[in-house]
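Participant:
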Amino acid sequence: MNGFGQASDNNNQQLGWQESYKTAQLMKLPDLGLVCGASIQKLVTNHARAIGCPDEYIILPLLSVTSGLMGSKSKIKVNQVWQEPPVLWTMVGAGPGTRKTAALKQIMIPLLEIQKEQEKLCHLPSMDPSAARPHKLLSGPLGLADLIQVLKKNGGQIISVCEDLEAYHKLLGLGASSTKTQMLSLYDGLPFLGVDDSEIPHIESTCFTHTGMVTPEYIVKLHLHNPSWLCSRYLVACASSPNFSTIWKSIPMSPDTPSMKSVLQILYNFHQQPTEYTFTEDAWKELTRCHDEEWTSIMSQLENDEKRRSIIEKSLGQIVRVSGVLKALLNACEYTKQLSEQKGSTFQWDFLIDRDMVRRSIEFSKYFVEQKLALMLLTGFSFGPTYISQGPQLIAQRQQQTQQPKQQTVEPQFPQQSPQVAQRASVPESNTTPSAEDWSNFVYDNSDADIDEQQYADFMHMDRQLFAQTYAKRIKRLVESFDDGYGVSATTASQKSITPPVRIPGSNNRHPVWASALFFQKVAELGIGTAEQLKHPTNRKFFWRFKRKRPNELTEKNLQLLHYLKVDMSIYNKIGPRFPIPLPPVSPSTPSTSNADYSGNEDSLDNNASPGPDNQAIKSEPIDEDD
């Protein structure tokens, strides 16, 4: 395990599971209209608002139920040799009094009604008595032995919806090695062979899906202490807890809301015959790009942390499964809409998973991965937004969500990595950089308002104005640092003690390189520069740099901020030529691994620079504090 992983474990022991869970809650669910489609968004959001619960309480169980209704006869085919079963296991962190039971009922009741209606059809006089009876759709918590018997008698498929997944895990006995083997086989939809009364029943494929709620404490402990094989196969979400009575949030459902029962009924009816959802060539290329440019980079950051690495190693396969399940659900919602509008045209069920659908699924799956990383206290890891067709809207929305938590209301002490940081382009300045009136209200404190010891880089939780006021002197030192044209490296910022000090249990290093990278990202949000993560062209490791804006790129708001920070513009303006170099930016990942090389050969130019005006800021005395 790398040093940061060890520090994360120490952090958890010191502060408890609450901080980890609260950090995961800060990562908001993506706009469902962008990652799922407008019709799915309407179905989920309207049902959630009607009972006053978060959208996560509806969408995650709905994904599992949809995959279960697709059944063992459905496949999701990526190419000639790679296919996935439509099996999704989901869990949602939910505390008491958050309407979790009411949310599960929104899905369970329609399923039970469909199941009851199918059983009635079997007893009609017109039905052939020798015809096979319909399969059961829904079951409660079952022990492993009972589950196997149900699968034998039910065509290898069943859906379990549980209000308490922790109790279900205990009932299944997940600690036994034999249980692990059988559960992994069920997750992969493998053929079922067994001996029953001297007969060998053969089921070509299985489809066991389950979903439910867990307590916040259990979902954290599951990712920190339980076997990684179990955590890696769940899609998890930690919804934000409402700070008011949910009954006041309840909104009557609009008449144009798709019927949950109709959607589930269509899914059930359509997948009674074998179906195959197929990736187009462009979709396959997009998945390959995601693997090469994004998943590979973040997995390389965890190469010495086998446990945490294994927890997210199934993410790529889950993208494939989410793509197929979302495609089926989108078809059902569109068909329901057509029926409600009484259109006479025949609905064409779409089996092709195109590039746009894969991009949506990638963005959705990133949310689930970031939830797991936050629960494992690895909030420095993050993905950038996928360039889906509505990408700018998604980025703007996430920026707005990141700005919402204020410093006085945010309790967690762990850094939250914003999805939009570490991009080559600056963060848009509209509504982000304080105006002249805002800065005029502050009084510059020349004594440096830095807190003596910041625990775990909690400056990441500050809003922009408070951050600039608190760390004015450190921001000033950063933008006055020697820049040869390629920016200031995170290594240099750490060596010069520019970064706010952090406290790491068991370590005397108060200025680690990963904290400098987070500091760069926070300064970039002020609009006066960019934080970039680059991959070295030879050793393929990652390093971070901060590039301040060139003088001709500064806006009026930028100049007002620099004036407030009392930046010496004669030093600021001395920037090297910045010739193009073959270091393309990569998708945002964590700077927090000991294997990452945050400094390139170019970054160390200032270490041997001769004294002079270009080197003035680097040679300045460190901040007067106990470093």
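Start counting at 1 in the sequence shown, then tack on 762, and there's your number in this note's numbering.
Don't be surprised by glycine CBs; every beta carbon is placed ideally from N, CA and C.
Please report the distance separating the alpha-carbon of Gly1079 from that of Asp1330.
Facilitator: Cα to Cα, Gly1079 sits roughly 52 Å from Asp1330.
Participant: Measure how close the beta-carbons of Asn1450 and Met1015 come, nearest whole angstrom, since I'm counting them as under 8 Å.
Facilitator: Within the shown structure, residues of the chain are numbered from 763 to 1389, placing residue 1450 beyond reach of any answer.
Participant: Can you check whether the CB of Phe1126 is closer than 8 Å to the CB of Pro792?
Facilitator: Yes, these two residues count as a Cβ contact at 8 Å.
Participant: Have a look at Val1229 and Phe1221 and give me their C-alpha separation to the nearest angstrom.
Facilitator: Residue 1229 is actually Phe in this sequence, not Val. Approximately 7 Å, taken between the alpha carbons.
Participant: Classify Val797 as buried or exposed, calling it buried when 16 or more other Cβ atoms lie within 10 Å of its own Cβ.
Facilitator: So Val797 counts as buried.
Participant: Just to confirm the assignment, what range does the alpha helix (DSSP H) spanning Leu1026 have?
Facilitator: Met1022 to Phe1032 is the span of the alpha helix (DSSP H), which, as asked, contains Leu1026.
Participant: With a CB to CB cut of under 8 Å and the five nearest residues on each side skipped, what residues in its chain are close to Met1061?
Facilitator: So the qualifying residues of the chain are Arg1071, Ile1074 and Glu1075.
Participant: Looking only at C-alpha atoms, which of Ser947, Arg1083, Val854 and His985 sits nearest to Trp844?
Facilitator: It is Arg1083.
Participant: Determine the direct distance from the alpha carbon of Val1285 to that of Leu1029, and round the result to whole angstroms.
Facilitator: Those two C-alpha atoms are separated by around 49 Å.
Participant: For the alpha helix (DSSP H) that contains Thr943, what are its first and last residues?
Facilitator: Its alpha helix (DSSP H) spans residues Ser939 to Tyr949.
Participant: Quick check: what's the CA-CA separation for Ser1077 versus Glu1038?
Facilitator: Straight-line Cα distance between these residues: approximately 21 Å.
Participant: Give the single residue among Gly859, Gln911 and Leu900 whose Cα lies nearest to the Cα of Met870.
Facilitator: Nearest of Gly859, Gln911 and Leu900 to Met870, Cα basis: Leu900.
Participant: Distance, Cα to Cα, Met853 vs Tyr996?
Facilitator: In a straight line, the C-alpha of Met853 is about 7 Å away from that of Tyr996.
Participant: Going by other Cβ atoms of all chains shown within 10 Å of its Cβ, with 16 needed for buried, is Gly1086 buried or exposed?
Facilitator: With 16 or more Cβ atoms within 10 Å of its Cβ, Gly1086 is classed as buried.
Participant: What's the call for Gly830, buried or exposed, on a 16-neighbour Cβ count within 10 Å?
Facilitator: Buried, because 16 or more other Cβ atoms sit within 10 Å of the Cβ of Gly830.
Participant: Grab the span of the beta strand (DSSP E) containing Ile838 for me, first residue to last.
Facilitator: Ile838 -> beta strand (DSSP E) spans Ser836 to Lys839.
Participant: Less than 8 Å between the beta carbons of Glu1287 and Arg1226, yes or no?
Facilitator: Yes, the pair counts as a contact, with Cβ atoms nearer than the cut-off.
Participant: Please list the terminal residues of the continuous alpha helix (DSSP H) segment that includes Glu1068.
Facilitator: It spans Glu1068 to Ile1074 - the alpha helix (DSSP H) in which Glu1068 sits, taken as one unbroken run.
Participant: Between which residues of its own chain and Gln880 is the CB-CB distance below 6 Å, once the five residues before and five after are set aside?
Facilitator: Answer for Gln880: Pro896, listed in chain order.
Participant: Distance, Cα to Cα, Leu794 vs Arg1122?
Facilitator: About 10 Å.
Participant: Measure the alpha-carbon distance for Phe1304 versus Lys1297 and round it to whole angstroms.
Facilitator: Their backbone Cα atoms lie some 5 Å apart in a straight line.
Participant: Near Trp779, which residues of its chain fall below 6 Å by C-beta distance, leaving aside the five closest residues on each side in sequence?
Facilitator: Glu979 and Val982, listed in sequence order.
Participant: At a cut of 8 Å, does the segment 859 to 879 reach the segment 921 to 929 through at least three beta carbon pairs?
Facilitator: A contact exists between the segment 859 to 879 and the segment 921 to 929.
Participant: Using alpha carbons as the reference points, say which of Glu1318, Ala1094 and Leu904 lies closest to Tyr930.
Facilitator: If we check each option's Cα against that of Tyr930, Leu904 comes out closest.
Participant: DSSP on Tyr1248, reduced to helix/strand/coil?
Facilitator: Three-state DSSP puts Tyr1248 in coil, outside helix and strand.
Participant: Helix, strand or coil: which one does DSSP assign to Glu1103?
Facilitator: Three-state result, Glu1103: coil.
Participant: What does DSSP give as the partner residue(s) for Met975 in the beta ladder?
Facilitator: According to DSSP, Met975 bridges with Val854.
Participant: List the endpoints of the continuous beta strand (DSSP E) containing Leu1304.
Facilitator: Leu is not the amino acid found at residue 1304; the sequence shown has Phe there. Per DSSP, Phe1304 belongs to the beta strand (DSSP E) from Phe1304 to Arg1310.
Participant: Under three-state DSSP, which class holds Thr1058?
Facilitator: In the structure shown, Thr1058 sits in a helix (DSSP, three-state: H, G or I).
Participant: In three-state terms, what does DSSP make of Thr1037?
Facilitator: Reduced to three states, the DSSP call for Thr1037 is strand.
Participant: Check each candidate in Val806, Ile813, Thr943 and Gly951 and name the one with the smallest Cα separation from Pro989.
Facilitator: Pro989 has its Cα closest to that of Thr943, out of Val806, Ile813, Thr943 and Gly951.
Participant: Relative to the C-alpha of Pro1017, which residue among Lys1089, Glu875 and Leu805 is closest?
Facilitator: Cα-wise, what sits closest to Pro1017 is Leu805.
Participant: Can you confirm whether the segment 1044 to 1056 touches the segment 1086 to 1099 when touching is taken to mean that 3 or more C-beta pairs between the two stretches lie within less than 8 Å?
Facilitator: At 8 Å Cβ cutoff, the stretches do not touch.
Participant: Glu1287 lies in the alpha helix (DSSP H); which residues open and close that run?
Facilitator: Where Glu1287 is concerned, there is no enclosing alpha helix (DSSP H), given that its DSSP letter is neither H nor E.
Participant: For a quick check, are the C-beta atoms of Trp725 and Leu946 less than 8 Å apart?
Facilitator: This structure leaves residue 725 out entirely; the chain is present only between 763 and 1389.
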